[in-house]
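Residue numbers (the numbering used here), protein chains in the order written: chain A, 2 to 194; chain B, 3 to 204.
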């Protein structure tokens, strides 16, 4: 190769070397995964229980038979303790309701009663709209677990309301024996599958 | 100029003139011996060069791998993905999120969420300086406002002013506290992918 050819090639190669380096971009990839378990929680506070004590007071009328205003008394005395806000991460949570009769340890005999049965009703707001009501009579076994028709509403307001009605002694004319009475409503809300 | 014709000589000079700076572009004619004078031309070639920067990830330090955290909504999470830069000059590192958050399948009604937020932080270590920045992952998607939203270019990404060749300590961190937004996360598997890019940054 003669001198001028070398010179021309040298000039060419020097020009290429002096060009600024091209911007380079190379990739790396990372993956992040996680899971949210099916669960239900009481808001606010992410608790796992709710409830209140409803002290109905005197169950009998003046004539000794069962009072007739227990349903309204239950709601008015229970007040805000009978409403709650529960949400679940799963799409169709289940609800079971078990009303346990109001009873006294005092023995009874014919014409008298130491037991008051009633129906418990749990109304649950679901999405996108509507209310599912799960009821149970204390004379029967627990109702459910029953899958709700949708997710529990999560709009910042309470979405569960508990009521009770149809209070009755085994025989309508029974007189209630004196004593302390206790009953209970068990509500179990589970995330389902 | 033995062995080189006048035409070839002109041609070579013309090629050189096109490629060289203006300082050496003055026209000159060289003749073969016995056919005129001068018989040679002296060219001064000024060489200007720079190393614009080789920049990438060290082969053994490319950001990669995975991280899984069950029940992240309750526990929160923090995880570092270390990586090694191999940049002989300033660089920029940028990140793109595939989902803009940890995403699960399906649709959810109002009041519930199928995407969980988290933060992405970059800590870049250079030979004599470092750089740090943190962004919400939601800003690492197309059009997002994070200053290190990828892909990295010479003008986009977190800039490390110093070289970094296998410098330890550089990492990408993903983190989130226990989930506390009013919308309830739907149960399921969640995922996101981050793509990390690096570029020279003149």
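Note that CB positions come from ideal geometry on N, CA and C, so glycine has one too. Just so it is clear, the structure is predicted and the values come from calculations on it, not from any experiment.
#1: Any idea which residues DSSP pairs residue 84 (chain A) with across the strands?
#2: Measure the CB-CB distance between residue 148 (chain A) and residue 180 (chain A) and report whether it falls below 8 Å.
#3: Would the beta-carbon of residue 159 (chain B) fall within 8 Å of that of residue 118 (chain B)?
#4: Among A:53, A:175 and A:122, which one has its Cα closest to the Cα of residue 72 (chain A)?
#5: Let me check understanding here. Comparing Cα to Cα, which of B:89, B:148, B:174 and B:138 lies closest to residue 2 (chain B)?
#6: At a Cβ threshold of 8 Å, is residue 155 (chain A) touching chain B?
#7: Taking the C-alpha atoms as reference points, what is the distance between residue 120 (chain A) and residue 74 (chain B)?
#8: What residues of chain D sit near residue 136 (chain A), judged by a beta carbon separation below 9 Å?
#9: Ordered along the chain, which non-local residues of its own chain (more than five positions away) have a Cβ less than 6 Å from that of residue 43 (chain A)?
#10: In this structure, does DSSP put residue 103 (chain B) in helix, strand or coil?
#11: Going by C-alpha distance, which of A:137, A:108 and A:156 is nearest residue 112 (chain B)?
#12: What is the rounded straight-line gap between the Cα of residue 178 (chain A) and the Cα of residue 71 (chain B)?
#13: Can you list, in chain order, the residues of the stretch 77 to 101 of chain A whose Cβ is nearer than 9 Å to any Cβ on chain B?
#14: Do you know offhand how far residue 176 (chain B)'s Cα is from residue 108 (chain B)'s?
#15: Any C-beta of chain A sitting closer than 8 Å to the C-beta of residue 212 (chain B)?
#16: Which value, in whole angstroms, describes the spacing of the CA atoms of residue 200 (chain B) and residue 86 (chain B)?
#17: Is the beta carbon of residue 107 (chain A) closer than 8 Å to that of residue 146 (chain A)?
#18: State the beta-bridge partners of residue 201 (chain B) as determined by DSSP.
#19: Cα separation between residue 31 (chain B) and residue 56 (chain B)?
#20: What would DSSP say about residue 74 (chain B), mapped onto helix, strand or coil?
#21: Distance, Cα to Cα, residue 171 (chain B) vs residue 128 (chain A)?
#22: Can you confirm whether the stretch 75 to 89 of chain A touches the stretch 32 to 43 of chain A when touching is taken to mean that 3 or more C-beta pairs between the two stretches lie within less than 8 Å?
#23: Between which two residues does the alpha helix (DSSP H) holding residue 78 (chain A) run?
#24: Roughly how many whole angstroms lie between the Cα atoms of residue 188 (chain B) and residue 93 (chain A)?
#25: Just the C-alpha distance for residue 34 (chain B) and residue 44 (chain B), rounded to the nearest angstrom, thanks.
#26: Determine the closest residue to residue 151 (chain A) out of A:104, A:130 and A:115, with distance taken between C-alpha atoms.
#27: Would you please verify whether the beta carbon of residue 190 (chain B) is less than 8 Å from any beta carbon of chain A?
#28: Can you tell me which of A:141, A:163, A:169 and A:126 puts its alpha carbon nearest to the alpha carbon of residue 154 (chain A)?
#29: Output the boundary residues of the beta strand (DSSP E) element that contains residue 137 (chain A).
#30: Report the residue ranges of all beta strand (DSSP E) runs contained in full by the stretch 110 to 180 of chain B; include only those spanning at least 3 residues, in chain order.
#31: Is there a Cβ from chain A that is less than 8 Å from the Cβ of residue 176 (chain B)?
#32: How would you label residue 151 (chain B), buried or exposed, when you count the other beta carbons within 10 angstroms and need 16 or more for buried?
#33: Verify the CB distance criterion: does residue 184 (chain A) have a CB-CB separation below 8 Å to chain B?
#34: Out of A:66, A:83, A:31 and A:105, which has the shortest C-alpha to C-alpha gap to residue 175 (chain A)?
#35: Whose C-alpha, out of A:32, A:100, A:47 and A:117, is nearest the C-alpha of residue 187 (chain A)?
#36: Which residue or residues does DSSP assign as beta-bridge partners of residue 105 (chain A)?
Taking the geometry as given:
#1: A:162
#2: no
#3: no
#4: A:122
#5: As displayed, chain B neither begins before 3 nor continues past 204, which places residue 2 (chain B) out of reach and without an answer.
#6: yes
#7: 41 Å
#8: The structure shown contains no chain D; the protein chains it does contain are A and B.
#9: 51 and 87
#10: coil
#11: A:156
#12: 59 Å
#13: 88, 89, 90, 91 and 92
#14: 24 Å
#15: Since the first residue shown for chain B is 3 and the last is 204, residue 212 (chain B) is missing from the structure and cannot be characterised.
#16: 11 Å
#17: no
#18: B:94
#19: 42 Å
#20: helix
#21: 49 Å
#22: yes
#23: 71 to 79
#24: 11 Å
#25: 15 Å
#26: A:130
#27: yes
#28: A:126
#29: 132 to 138
#30: 121 to 127, 132 to 138, 160 to 162 and 173 to 178
#31: yes
#32: buried
#33: no
#34: A:66
#35: A:100
#36: A:182
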